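Enquirer: Mind having a look at this structure? Questions to follow.
Chains as they are written, first to last, in my numbering: chain A, 10 to 154; chain B, 10 to 154; chain C, 10 to 154; chain D, 10 to 154.
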């Protein structure tokens, strides 16, 4: 097998059965472009905050899941990869529509992966939030690290 | 009345009835020290991620709620205050116990409030995550801003 | 005049005569694409850190200057715009060559502008650092803000 | 020798002779409290930005140096430790006086150290900037990492 990364189906399964918040939000893996991942949260009234827009924590959770998916899609089942840092700028209010996260790996080191994520709201041209973050990667088996 | 900030009860009501993710996590307002807020998420198996610890998005949601509570506790019902930016460093894995957020306002300007939040896991001495962030404050009524 | 933004020459003058650190680094304004700015620091042995690469503070200073230039290029002489927040991820070591900052405005609100900046080292394909940040914008004259 | 960390004098020497920007700013190591470091930049007119206050890049450079000093003071001569990420919130304008950075190590892992830094301006009670960041630590010799 050439590719060691997980497939869309594998990642969808992990997100839907292992991570409660992703489950609760109904996160869908839309695709795995090279060095990236596209995830979606279907709009639901249960995700809004005062003012009627999808809440910040939903956006952060989706962005975090998208970085995780991009790394799994590239490296395979590094299930124990953990977020080291996440930074989000909220830009424009999302509309009452699905939220899309477009994650891209900027650096894949031995110990740390750095990603950026653009969040969009279906039907709006502007980015609704910009995220960057790093994931700490577990040492490979047998490496003694 | 001297104090224009909201009370613990008011903020608890807002978090429990207006913000779905806080509701779902069962966020509790433990107190409102000066220029700050202490919030808690009771431990629940429904909040864990692969590896058995409380997930990052739960920590981010709690930190965001704690900054919001600190601002409401100081300024009153600025319900439309919105997170402009949030940065989190994950430090140590939380245990299977309640998660505590200790938020403190670092700056309260006319347009922007900046806070830092220390997250702890009951029974562990080390901080589990360090958060900083800013909230954009709506213009006061009548200010035309 | 249609465009209220400053020109490349105006911004170059400001950076070279008003901001000591930019002066010291010899920052050059390479261009002002729409909603953005491209700045450059010519390589110099006086900018390196242990290990022989351009130091982190030089990269942060260049990124900050690039965000400032993008905002001046769009809004005009808002000289008192001040950085509210800056977040940088260092990705790959820059080489012994000029450092380029490509800044883009993600949001231009009344009070806050949010930008992202990609830093490159001439001759290397990978981004050397990823920056995002926000600038606080002074109230317009006569707005009473 | 019990302590493997570097001394104030060792770190002062490194900052004054190896890091051009620190040299140019005249950074002084004031002390090495446990798990931390206190650094100072003497006020100089050559460090100001339009508006007459010490520029943001000077604050970022000082905060970065303070994190580096805290790590060297704890771990010894890990000269190749490199900044992975730095996040700064600018809070209040510093005065025309020395700038102080108070850095504290929040986490010291095998691969990553996370610090926070509070910046103060002598004579002002409020924090002028809040910084958090992570340093990537080189593998120990012989560890094969």
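Every residue, glycine too, gets a C-beta built ideally from N, C-alpha and C. These numbers come from a predicted model, not from an experiment.
1. Residue 96(C) touches chain B at which residues, Cβ-Cβ below 7 Å?
2. For residue 73(A), which residues in chain B fall below 9 Å Cβ to Cβ?
3. Please give me, in chain order, every unbroken run of the alpha helix (DSSP H) with length at least 4 that falls completely inside the segment 29-73 of chain A.
4. Which residue's Cα is closest to the Cα of residue 98(A): 73(B), 53(B) and 61(B)?
5. Around the Cβ of residue 61(A), are there at least 16 other Cβ atoms within 10 angstroms (buried) or fewer (exposed)?
6. Could you tell me if residue 81(D) is buried or exposed, where buried requires 16 or more neighbouring beta carbons within 10 angstroms of its beta carbon?
7. Decide if residue 136(B) is buried, meaning its Cβ has at least 16 other Cβ atoms within 10 Å, or exposed.
8. Between which two residues does the beta strand (DSSP E) holding residue 139(C) run?
9. To the nearest angstrom, how far is it from the Cα of residue 66(B) to the Cα of residue 19(D)?
10. Taking the C-alpha atoms as reference points, what is the distance between residue 139(B) and residue 96(A)?
11. Consult DSSP for residue 153(D) and reduce its assignment to one of helix, strand or coil.
12. Could you have a look at residue 22(D) and say whether DSSP puts it in helix, strand or coil?
13. Check whether the Cβ atoms of residue 109(A) and residue 49(A) sit closer than 9 Å, and answer yes or no.
14. Along chain A, which residues have their Cβ under 7 Å away from the Cβ of residue 116(C)?
15. Tell me which residues share the same chain as residue 106(A) and place their Cβ nearer than 7 Å to its Cβ, disregarding the 5 neighbours each side in the sequence.
16. I'd like to know whether the C-beta of residue 153(C) is nearer than 9 Å to at least one C-beta of chain D.
17. Could one say the Cβ of residue 93(B) lies closer than 9 Å to chain C's Cβ atoms, at least one of them?
18. Between the alpha carbons of residue 148(B) and residue 145(C), how many angstroms are there, rounded?
19. Return yes when the Cβ of residue 45(D) is within less than 9 Å of the Cβ of residue 93(D), no when it is not.
20. If distances are taken between C-alpha atoms only, which option among 17(C), 89(C) and 35(C) comes closest to residue 25(C)?
21. Would you say residue 144(C) reaches chain A, if we count a Cβ-Cβ gap shorter than 9 Å as a contact?
22. Mapping DSSP to helix, strand and coil, what is residue 90(D)?
23. DSSP on residue 80(D), reduced to helix/strand/coil?
24. Going straight from the alpha carbon of residue 124(C) to that of residue 75(C), what length do you get?
25. From which residue to which residue does the beta strand (DSSP E) around residue 131(D) run?
26. Between 89(A), 83(A) and 134(A), which has its C-alpha nearest residue 117(A)'s C-alpha?
27. With a threshold of 6 Å on Cβ separation, who are the neighbours of residue 89(D) within its own chain once the five nearest residues in sequence on each side are excluded?
28. Could you run through the segment 103-132 of chain D and flag, in chain order, every residue whose CB is less than 7 Å away from some CB of chain A?
Expert: Checking against the coordinates, here is how it stands:
1. Translated into the one-based positions of the third chain, residue 96(C) becomes position 87. Near residue 96(C) (Cβ distances below 7 Å), the residues of chain B are 96.
2. Taking the first chain and counting its residues from 1, one reaches residue 73(A) at position 64. 64, 65, 66 and 69, listed in chain order.
3. DSSP runs (the alpha helix (DSSP H)) wholly in the segment 29-73 of chain A: 29-34.
4. Looking up residue 98(A) in the first chain gives position 89. Of the listed residues, the one whose Cα sits closest to residue 98(A) is 73(B).
5. For the purposes of this step, residue 61(A) is taken as the residue at position 52 of the first chain. By the 10 Å Cβ count, residue 61(A) comes out exposed.
6. What you label residue 81(D) is simply residue 72 of the fourth chain in a count that begins at 1. By the neighbour-count definition (other C-beta atoms within 10 Å, threshold 16), residue 81(D) is a buried residue.
7. Here residue 136(B) refers to the residue found at position 127 when the second chain is read from its first residue. Residue 136(B) should be labelled buried.
8. Translated into the one-based positions of the third chain, residue 139(C) becomes position 130. Residue 139(C) -> beta strand (DSSP E) spans 136-145.
9. Sequence index remark: in the second chain, residue 66(B) carries index 57 (1-based). Sequence index remark: in the fourth chain, residue 19(D) carries index 10 (1-based). Computed Cα separation, rounded: 42 Å.
10. The sequence position of residue 139(B) within the second chain is 130, counting from 1. The sequence position of residue 96(A) within the first chain is 87, counting from 1. Spanning the two alpha carbons is a distance of roughly 12 Å.
11. Walking along the fourth chain from the start, residue 153(D) turns up at place 144. Low local confidence applies: a pLDDT of 38 at residue 153(D) is under 50, so the model's placement there is unreliable, with the coordinate-based value given in what follows. Correct three-state label for residue 153(D): coil.
12. Taking the first residue of the fourth chain as position 1, residue 22(D) is located at position 13. If DSSP states are grouped into helix, strand and coil, residue 22(D) belongs with the helices.
13. Here residue 109(A) refers to the residue found at position 100 of the first chain. Here residue 49(A) refers to the residue found at position 40 of the first chain. Their beta carbons are under 9 Å apart, which means residue 109(A) touches residue 49(A) by this criterion.
14. Position 107 of the third chain, counted from the first residue, corresponds to residue 116(C). Correct list: 100 and 101.
15. Locating residue 106(A) in the first chain gives position 97, counting from the first residue. The residues are 52, 130, 131 and 132.
16. Translated into the one-based positions of the third chain, residue 153(C) becomes position 144. Confidence is the limiting factor: at residue 153(C) the pLDDT is only 38, short of 50, which leaves the residue's position unreliable, though a coordinate-based value still follows. So, not an interface residue.
17. Within the second chain, the letter at position 84 stands for residue 93(B). With 9 Å as the cut-off, residue 93(B) counts as an interface residue toward chain C.
18. Counting from one through the second chain, the residue named residue 148(B) turns up at place 139. Counting from one through the third chain, the residue named residue 145(C) turns up at place 136. The alpha-carbon atoms of residue 148(B) and residue 145(C) are separated by roughly 15 Å.
19. Locating residue 93(D) in the fourth chain gives position 84, where the first residue counts as 1. Locating residue 45(D) in the fourth chain gives position 36, where the first residue counts as 1. Taking 9 Å as the cut-off, the beta carbon of residue 93(D) is found no closer than this to the beta carbon of residue 45(D).
20. Taking the third chain and counting its residues from 1, one reaches residue 25(C) at position 16. Nearest Cα to residue 25(C) within the set 17(C), 89(C) and 35(C): 35(C).
21. Within the third chain, numbered from 1, the residue matching residue 144(C) stands at position 135. False, the Cβ-Cβ gap to chain A never drops below 9 Å.
22. Indexing the fourth chain from 1 puts residue 90(D) at position 81. Three-state result, residue 90(D): coil.
23. Counting from one through the fourth chain, the residue named residue 80(D) turns up at place 71. Helix, per DSSP.
24. Looking up residue 124(C) in the third chain gives position 115. Looking up residue 75(C) in the third chain gives position 66. Whole-angstrom Cα-Cα distance: 9 Å.
25. For the purposes of this step, residue 131(D) is taken as the residue at position 122 of the fourth chain. From DSSP, residue 131(D) is part of no beta strand (DSSP E); its letter is neither H nor E.
26. For the purposes of this step, residue 117(A) is taken as the residue at position 108 of the first chain. Of 89(A), 83(A) and 134(A), the residue nearest in Cα terms is 83(A).
27. For the purposes of this step, residue 89(D) is taken as the residue at position 80 of the fourth chain. Result list for residue 89(D): 147, in chain order.
28. 120 and 121
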